[in-house]
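Residue numbering for the sequence shown follows our numbering, starting at 49 and increasing by one per position. From the three backbone atoms N, C-alpha and C, an ideal C-beta is built for every residue, glycine too.
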Amino acid sequence: MLRDITLGQYYQTDSVIHRLDPRVKLMTTICYIISLFIVDNFIGYILAGAFLALVIKLSKVPLKFMVRGMKSIIFLLIIAVIFNLFLTPGEVIFTLWKLRITREGLRQAIFMAIRLVFLIMGSSVMTLTTTPNNLTDGMEKLLGPLKIFKVPVHEIAMMMSIALRFIPILLEETDKIMKAQIARGADFENGNLIKKAKSLVPLLVPLFISAFRRANDLAMAMEARCYRGGEHRTKMKPLVYKKRDWLAYSTVVCYLVCCVVFGKILL
C-alpha cells in the first residue's frame, strides 16, 4: 500500500511535459484544480478528463503507474461518496431503513468521486514530471512579487519542495520498519480497524526518530555548504520561458474558457 503512493515521486523520462518550465506546470496544476470546481455537469467533467488524458499521454508516464497511486485515497473516496450520497437533500429515489438516496445526492456523489480522482491525478502529473530542484525554482519565481512585503519566498519554496521530497523517503522508511517488525512477529493485517490502528503505534517512534535524523543530516549538509537562503544566490540553470511554454499557457487559457462555457452555461 505504501509503495502505491506516487505523490512526491519523480518519474524520469523525456517528454514535452518534462521539458516545460516548472512555472508553467505549477500554474497549469492550479488552473486545473480550479476548473474542477468550476464545472458542474457531465460535459464539463468529460472536458476535464480529456485534458488530463492528453497531458498524461504527452508526459509519457505510464497510466498504470498513475492509477496505482489512487489506491492510497480509496478510503477517503468512499467516505466522500457515502456522505454526499446519503446526506444531500432532494428528490428521494431509494430508501433503505432511515437512509435516503436522492437524485441530487447521487449526482453530487458521482461528481465528487470524479473530482477527487482528477485532482489527485492532476497533482501527481506535476510532481512526477518535475524534479524537486526545478519545483523549488518555479515556486520561488512565482512567489517573487511577495518579496516586496518581506515574505521569505525562497525559504517557503525550499520547505515545500523538501516536504514533497520527503514523502517517498518517509514511505520507504515506514515500509522498512514494518517489514522489520513483521519479521519479529508484529501483525499489521489481522483484526478490526481499532486493532489495526493500535498495531501502527509502535511504528511512530522509530519513524519519528528516523525523520528527525534525516532532517538533522540535511541541516548539517546545508550548513557545511554555507547555505544562507535565497539572497544574492545565482542559478546554474536560470528559468527562461520558451515557445513551448507560451503555447502551453495558451492551451490552458483555452481550456479554462471552455470550462466556464460548458461548465456553467450548459447546466
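Minimum C-alpha distance to residue i - residue among the options
| i | options | result |
| --- | --- | --- |
| LEU190 | ILE217, ILE168 and ILE204 | ILE204 |
| LEU74 | LEU111, TYR297 and ALA272 | TYR297 |
| CYS306 | PRO70, ASN89 and HIS66 | ASN89 |
| ILE65 | ALA157, GLY138 and THR178 | THR178 |
| VAL129 | ARG155, LYS283, ASP293 and PRO110 | ARG155 |
| MET206 | MET270, PHE123, ASP62 and ALA101 | MET270 |
| TYR58 | LYS244, PHE214 and CYS302 | PHE214 |
CB-CB length for residue i against residue j, believed under 8 Å
| i | j | result |
| --- | --- | --- |
| ILE149 | PHE134 | 7 Å |
| LEU84 | LEU167 | 6 Å |
| ALA234 | SER247 | 7 Å |
| ILE230 | PHE236 | 7 Å |
| VAL201 | VAL103 | About 27 Å separates the two Cβ atoms, so there is no contact after all. |
| GLY170 | THR77 | 6 Å |
| VAL72 | ASP293 | 5 Å |
Rounded C-alpha distance that separates residue i from residue j
| i | j | result |
| --- | --- | --- |
| MET49 | ARG116 | Note that MET49 has pLDDT 49, beneath the 50 cutoff, so the model's placement of it is unreliable and the number below is only indicative. About 9 Å. |
| THR222 | ALA267 | 22 Å |
| PRO286 | PRO180 | 15 Å |
| LEU68 | VAL288 | 10 Å |
| LEU125 | ILE162 | 9 Å |
| SER107 | GLN60 | 10 Å |
| ILE127 | PHE256 | 29 Å |
| ARG261 | PRO70 | 30 Å |
| PHE142 | GLY153 | 11 Å |
| PRO216 | LYS105 | 24 Å |
| SER209 | LEU304 | 27 Å |
| VAL309 | PHE197 | 37 Å |
| ARG151 | LYS112 | 33 Å |
| ASN238 | TRP145 | 31 Å |
| LEU295 | ASP62 | 19 Å |
| VAL199 | CYS274 | 22 Å |
| ASN240 | ILE121 | 20 Å |
Cβ pair residue i, residue j closer than 8 Å
| i | j | result |
| --- | --- | --- |
| LEU251 | MET226 | yes |
| TYR93 | PHE159 | yes |
| VAL87 | ALA96 | yes |
| MET118 | VAL165 | yes |
| LYS291 | ASP185 | no |
| LEU219 | ALA259 | no |
| LEU183 | LEU212 | yes |
Run of the beta strand (DSSP E) containing residue i, from where it starts to where it stops
| i | result |
| --- | --- |
| ILE17 | This structure gives no information on residue 17, because the portion of the chain shown stretches from 49 to 315. |
| ARG148 | 147 to 150 |
Range covered by the alpha helix (DSSP H) that runs through residue i
| i | result |
| --- | --- |
| MET268 | 249 to 272 |
| ASP88 | Counting along the chain, ASP88 falls outside any alpha helix (DSSP H), and DSSP gives it neither H nor E. |
| LEU4 | With the chain covering 49 to 315 only, the question about residue 4 has no answer from this structure. |
| ILE121 | Unbroken run through ILE121: none, as it is neither H nor E. |
| THR184 | 180 to 190 |
| PRO216 | 201 to 231 |
| LEU111 | 111 to 116 |
| ARG67 | 64 to 67 |
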